[in-house]
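Student: Heads up, the sequence shown is in this note's numbering, so the first residue is -12 and it goes up one at a time.
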Amino acid sequence: MKCHGSLTLGFALIMGVSAFAALANAQDSPAISVKPVSEGVYWADAGGGGNAGFIIGKDGVIVVDATIAPASGRQVLAEIAKLTPKPVTTVILTHSDVDHVNGLAAFPPGLTIIAHENCKKDIEATANSRNPSPQDRLPNKILTASESLTINGVRVNVLHFAPAHTSGDLQVYLPAQKIVFTGDVIATSCCGNVRSPQAYTMIKAQKNGSAEGWVQTVKGLLALNADTYVPGHGDLQTKADLQQRLARVEARREQVRKMAAQGKSLEQVKQALGETGPAPGYDPAQFPDFTTVVYTEFTKKR
Ligand SMILES: [Zn+2]
C-alpha cells in the first residue's frame, strides 16, 4: 500500500509538473503552424515570433531563423521531426533580432550557423542584456557578402545587398525553387509595422539599418528569378506584393525628402503626414518609426 501510495503521489507530481510545463510552454510560445511552400520547403508561422523556414535536403535539414525562445525552438525541431527523420545540420540567420535567434538555445550543439558578420556582432552584444541571445550558439560560418552555397545537396544563394532592416541582414534564395526567405526586410505583421503604417517597413537604426539600403535590397530581391517571398513576419508574398511595397516606401521617402529639403523639422514632417503621438506600447529605441529613420538619413546627408 505504502509503495502504491508513493507511486500515486509520484504520478500526480509528474502529471502536475508536465501540466505546468505545457502551460509555461504555451505562455512563452504560441503554437507554431507549418505550411508547405514547395517540394521539401516549408515555412513556419511562429505566432508572435519571427517566421522560420525548413529546407529538407539530401542528408539533412537547413533551417532559416530559429524563432523567439527555447520553447518555440523546441517546437520547430518537433515539427521538423514530423516531416523527416533527417537531422538539422545548418541554421541560416537572416538577422540578429531575438525573435529570430533565441530559439537556437533549443538546437543541438555542433550545427553550422551561417550569419553576416554584423549579425554575429549584434548577437555577441546581447551577452549582458536583459534577454541575451545564446552565446554558446554563435554563428560559426560568417559572411560579409553574397555567397552561393550547396548545402545538403540544395543550392542556396545567401544574399546581402546592403544594410536594410539591420546592417547584418541576409536573405536566402533557393534558385531551383524560386523562393526567397527575406527576414524582416519584409514583414507584413507584428512589430515590422510599429508606428509607421503597415504599408512601409521597419528599419532598426540602432543596428545600423538603412532605409536607402532597404530600397536597394528590395530592388535586388525583385530582380531575382523568384515567385514566392517568405517574409520575417506574416504571410507569403508575391513579387507584385514586393513591388507595391517598394513603390509605397519610395513615395513616402520622397515626401519626407522634400519636406526635409524645405527645412521642416521632424515634428512638422510627422504632423504633415498625420503621424502624431508616440506609438503605444513600444520603445522607440527598439522600434524606431520609419519617418524618423528616413528624415534622419536625409538630414544627415545635407
Ligand atoms: Zn522579427
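Cβ coordinates follow ideal geometry from the N, Cα and C atoms, glycine included. A quick note: this is a predicted structure, and the numbers were derived from the prediction, not measured.
Tell me whether the stretch 198 to 211 and the stretch 86 to 98 touch, counting them as touching only if at least three CB pairs, one residue from each stretch, are closer than 8 Å.
Tutor: no
Student: Per DSSP, V135 forms a beta bridge with which residues?
Tutor: Translated into positions along the sequence shown, residue 135 becomes position 148. Checking the sequence, you will find Ser at residue 135 rather than Val. According to DSSP, residue pairing for S135 in a beta bridge involves N144.
Student: On the CB-based measure, 16 or more other CB atoms within 10 Å of its CB, does P95 come out buried or exposed?
Tutor: Residue numbering aside, residue 95 sits at position 108 when the sequence shown is read from its first letter. Its Cβ having fewer than 16 others within 10 Å, P95 is exposed.
Student: Short check: CB of A31 to CB of I49, under 7 Å?
Tutor: If you number the sequence shown from 1, residue 31 lands on position 44. If you number the sequence shown from 1, residue 49 lands on position 62. Result no, Cβ atoms of A31 and I49 do not sit closer than 7 Å.
Student: Relative to ligand 1, is the shortest distance from any of its heavy atoms to the C-beta of G37 smaller than 6 Å?
Tutor: Working through the sequence shown from its first residue, we reach residue 37 at position 50. Yes, the beta carbon of G37 sits closer than 6 Å to at least one heavy atom of ligand 1.
Student: Where does L161 sit, in a helix, a strand or coil, going by DSSP?
Tutor: Residue numbering aside, residue 161 sits at position 174 when the sequence shown is read from its first letter. If DSSP states are grouped into helix, strand and coil, L161 belongs with the strands.
Student: How long is the line joining the alpha carbons of T71 and V141, rounded to whole angstroms?
Tutor: On the sequence shown, position 84 is the one that residue 71 refers to. On the sequence shown, position 154 is the one that residue 141 refers to. If I take the Cα positions, the gap works out to 16 Å.
Student: Of all the beta strand (DSSP E) runs that stay within the bounds of the stretch 25 to 83, which reach a length of 3 or more residues?
Tutor: Qualifying beta strand (DSSP E) stretches, in chain order: 28 to 32, 39 to 43, 48 to 51, 75 to 79.
Student: Exposed or buried, what is E284 when buried is set at 16 or more other beta-carbons lying within 10 Å of its beta-carbon?
Tutor: As a working mapping, residue 284 is identified with position 297 in the sequence shown. So E284 ends up on the buried side.
Student: Ligand 1 and D46: does the residue's C-beta get closer than 6 Å to at least one heavy atom of that ligand?
Tutor: Within the sequence shown, residue 46 is the residue found at index 59, counting from 1. For ligand 1, not one heavy atom lies less than 6 Å from the Cβ of D46.
Student: Given V281, which residues of its chain have a CB within under 6 Å of its CB, disregarding the five upstream and five downstream residues?
Tutor: The residue you call residue 281 lines up with position 294 of the sequence shown. These residues qualify, in order along the chain: A198, R240, V243.
Student: So if DSSP puts T333 in a beta bridge, which residue, or which two residues, is it bridged to?
Tutor: Because the chain is modelled from -12 through 289, residue 333 falls outside the range shown and cannot be assessed.
Student: Report yes if the C-beta of D32 is less than 6 Å from at least one heavy atom of ligand 1; otherwise report no.
Tutor: Reading the sequence shown from its first residue, position 45 is the one you call residue 32. Checking every heavy atom of ligand 1 against the Cβ of D32, none is found closer than 6 Å.
Student: May I ask you to check if the CB of P40 is nearer than 6 Å to at least one heavy atom of ligand 1?
Tutor: Here residue 40 refers to the residue found at position 53 when the sequence shown is read from its first residue. The question names Pro, but residue 40 is Gly in the sequence shown. No, Cβ of G40 sits at least 6 Å from all heavy atoms of ligand 1.
Student: Where DSSP assigns a beta bridge to I100, which residues make up the other side?
Tutor: The count along the sequence shown starts at 1 and reaches residue 100 at position 113. BP columns for I100 point to V78.
Student: Can you tell which of G221, Q230, M246 has the C-alpha that lies nearest to the C-alpha of V205?
Tutor: Mapped onto the sequence shown, residue 205 falls at position 218. It is Q230.
Student: Compute every distance between the C-beta of G90 and the non-hydrogen atoms of ligand 1, then say whether any falls below 6 Å.
Tutor: What you label residue 90 is simply residue 103 of the sequence shown in a count that begins at 1. Because no heavy atom of ligand 1 lies under 6 Å away, the Cβ of G90 does not count as near it: no.
Student: Give me the DSSP bridge partner(s) of A114.
Tutor: Walking along the sequence shown from the start, residue 114 turns up at place 127. None; A114 has no bridge partner.
Student: May I ask which residues mark the beginning and end of the alpha helix (DSSP H) holding L233?
Tutor: The sequence position of residue 233 within the sequence shown is 246, counting from 1. Start and end: 226 to 248.
Student: Would you kindly check if the distance between the Cβ of K73 and the Cβ of G47 is under 7 Å?
Tutor: By 1-based counting over the sequence shown, the position of residue 47 is 60. By 1-based counting over the sequence shown, the position of residue 73 is 86. Contact: yes.
Student: Per DSSP, which residues does I129 bridge with? Please list them.
Tutor: Mapped onto the sequence shown, residue 129 falls at position 142. Its beta-bridge partners are A102.
Student: Between the C-alpha atoms of H152 and A68, what's the straight-line distance to the nearest angstrom?
Tutor: Along the sequence shown, one-based indexing puts residue 152 at 165. Along the sequence shown, one-based indexing puts residue 68 at 81. Taking C-alpha positions only, H152 is separated from A68 by approximately 31 Å.
Student: Helix, strand or coil for K194 per DSSP?
Tutor: Taking the sequence shown and counting its residues from 1, the one referred to as residue 194 is at position 207. Three-state result, K194: helix.
Student: If you draw a straight line from the C-alpha of R61 to the C-alpha of A93, how long is it?
Tutor: Translated into positions along the sequence shown, residue 61 becomes position 74. Translated into positions along the sequence shown, residue 93 becomes position 106. When rounded, the distance between both Cα atoms is 6 Å.
Student: For S20, which beta-bridge partners are listed by DSSP?
Tutor: Taking the sequence shown and counting its residues from 1, the one referred to as residue 20 is at position 33. Answer by DSSP bridge pairing, in chain order: D32.
Student: Provide the residue span of the alpha helix (DSSP H) that contains L253, from first to last.
Tutor: Stepping through the sequence shown from its first residue, residue 253 is reached at position 266. Looking at the DSSP string, the run of the alpha helix (DSSP H) that includes L253 is 253 to 259.
Student: Could you tell me which of I129, A56, V28 sits nearest to G34, measuring between CA atoms?
Tutor: In the sequence shown, the residue the question calls residue 34 occupies position 47. Answer by Cα proximity: A56.
Student: What does the Cβ neighbour count give for D52, buried or exposed, with the cut at 16 atoms within 10 Å?
Tutor: For the purposes of this step, residue 52 is identified with residue 65 of the sequence shown, where counting begins at 1. It counts as buried.
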